[in-house]
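Below is one structure, written out as structure tokens; the observations come after it.
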Amino acid sequence: GDPRHAGASEALLEAVDDEVRALITGCYEEAKAALEQNRDRLERIVALLMEKETLDEAEVYAAAGIERVREDRHLVGTEGAATAARTGSPSVREDGHAGGSGREDAVVQSDAVVRSDAAARSGSTSHLGPPPDPPNR
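So my numbering is basically just the index in the sequence shown, starting at one, shifted up by 1.
See the structure below:
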């Protein structure tokens, strides 16, 4: 329900909104800067996608000019997570999912496929704008 009914003041709600806005704006600016700094890599990947339409993981790394680091795929469960924590290597279960539980699980694909979409084939590009402001109170 309404946070004011729980005793939250307008000043507190505004402070929370301001903090959330600052976090979102900061993340947006960081992501935008990363995309701008790596635009040449992204354009090389797009060009290769336009040519081949399908790329495997190794081709994406090569197009981006990034050295590919192999993961330790033999790590399983919590033992693997402990090893990963010590070595900095991600824990990967035999089923191809990241080790750990619940929200930490993520699919890891060693031969991930990247496909171009209709926008890439049409040559259109999208430009990011600033994030929207939260609704006013």
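C-beta atoms are modelled at their ideal positions from N, C-alpha and C, and glycine is treated no differently. Since the structure is predicted, the reported quantities are computational estimates derived from the model, not experimental observations.
- Query: Using 8 Å as the threshold, is the stretch 29 to 42 in touch with the stretch 53 to 62, meaning 3 or more CB pairs across them?
  - Reply: no
- Straight-line gap, residue 66 to residue 42 (C-alpha atoms, nearest Å): Here residue 66 refers to the residue found at position 65 when the sequence shown is read from its first residue. Here residue 42 refers to the residue found at position 41 when the sequence shown is read from its first residue. Distance between the alpha carbons of residue 66 and residue 42: 7 Å.
- Query: Between which two residues does the alpha helix (DSSP H) carrying residue 18 extend?
  - Reply: By one-based count along the sequence shown, residue 18 stands at place 17. Per DSSP, residue 18 belongs to the alpha helix (DSSP H) from 11 to 38.
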